[in-house]
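Peer 1:
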Amino acid sequence: MIEIPSDLHKDLVPLAFLLGNWAGAGVHDFPGSEKCNFGQEVSFTHDGRDFLEYRSHTWVLDKDGNKVRPLESETGFWRIDADRKVEVTMTRDDGVIEIWYGEMADKKPQIDLVTDAVARTPASAPYSGGKRLYGYVKSDLMWVGEKQTPEVALRPYMSAQLKKVVTPEDVERWAKALPDDMPDDGIAFFK
1 MIEIPSDLHK
11 DLVPLAFLLG
21 NWAGAGVHDF
31 PGSEKCNFGQ
41 EVSFTHDGRD
51 FLEYRSHTWV
61 LDKDGNKVRP
71 LESETGFWRI
81 DADRKVEVTM
91 TRDDGVIEIW
101 YGEMADKKPQ
111 IDLVTDAVAR
121 TPASAPYSGG
131 KRLYGYVKSD
141 LMWVGEKQTP
151 EVALRPYMSA
161 QLKKVVTPED
171 VERWAKALPD
181 DMPDDGIAFF
191 K
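Quick note: the sequence shown, position 56, residue 56 per UniProt numbering, numbers continuous.
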């Protein structure tokens, strides 16, 4: 279910499908790095201004699905304009700062992004750009990332399927929003 908070900045309504906390798993595979399954937690929040705040933490999973060690962390800010153009500023724990531009698909919750600028610290690994695709599919947030380095052409390196994390506060809010005239047996509601 996509909720649009009453205090969400009007420009961000097209991005409302991203809001909330998400958790799931995916696959990481890039030349020169360990191929692995990973777990991920993502949050998209807002404070009434014209951007979403983004945080992502991933960690390597063992064959039984247990956390082994951190993989990547990112933080950033997402904006969208009236023409559905999306801009993202992102900082990653490996010393990379990126500016991403893209657009939201017409009539569906899908965003295609491409790096426009990349800045790296001397300690960061080689990296020259990337692409990402985010989509809201059957109530899940799915994404795939591609990256390139001076030695490796642009190619997929991470993808994940994330489920919305439901809190007790969410359930309470939804229960309070139910109509007062709900049938007692619940079945009549569907007739």
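Glycine included, each C-beta is placed from N, C-alpha and C at the ideal position.
Measure the alpha-carbon distance for K191 versus I99 and round it to whole angstroms.
Peer 2: Confidence at K191 is low in this model, with a pLDDT of 49, below 50, so the placement of that residue is unreliable and no value is reported for it.
Peer 1: Who are the near neighbours of G20 in its chain, counting only those whose CB is closer than 6 Å to its CB and skipping five residues on each side?
Peer 2: Taken in chain order, the residues that qualify are K164.
Peer 1: What's the call for E34, buried or exposed, on a 16-neighbour Cβ count within 10 Å?
Peer 2: Exposed.
Peer 1: Comparing alpha-carbon positions, which option in D50, R132, V60 lies nearest D11?
Peer 2: Of the listed residues, the one whose Cα sits closest to D11 is D50.
Peer 1: Nearest-angstrom Cα distance between P14 and E151?
Peer 2: When rounded, the distance between both Cα atoms is 37 Å.
Peer 1: Pick out the complete beta strand (DSSP E) segments inside the segment 25-67, 3 residues or longer, and give them in chain order.
Peer 2: List check, beta strand (DSSP E) in window: 36-45, 52-61.
Peer 1: Identify every residue that forms a DSSP beta bridge with E74.
Peer 2: S56, R92, per the DSSP bridge assignment.
Peer 1: Between which two residues does the beta strand (DSSP E) harbouring S159 extend?
Peer 2: That run of the beta strand (DSSP E) goes 155-164.
Peer 1: By Cβ distance below 6 Å, which residues in the same chain neighbour Q161 in space, the five residues on each side in sequence not counted?
Peer 2: Same-chain partners within the cutoff: G24, D140, M142.
Peer 1: Look at the alpha carbon of A123 and the alpha carbon of R173, and state the distance between them as a whole number of angstroms.
Peer 2: Approximately 46 Å between the Cα atoms of the pair.
Peer 1: Ignore the nearest five residues each way along the sequence and tell me which others in A188's own chain have a CB closer than 6 Å to its CB.
Peer 2: Caution applies to A188, whose pLDDT of 48 falls short of 50 and renders its modelled position unreliable; the value that the coordinates give is listed next. No residues qualify anywhere along the chain.
Peer 1: So what's D106 in DSSP terms, helix, strand or just coil?
Peer 2: In the structure shown, D106 sits in coil (DSSP, three-state: anything other than H, G, I, E or B).
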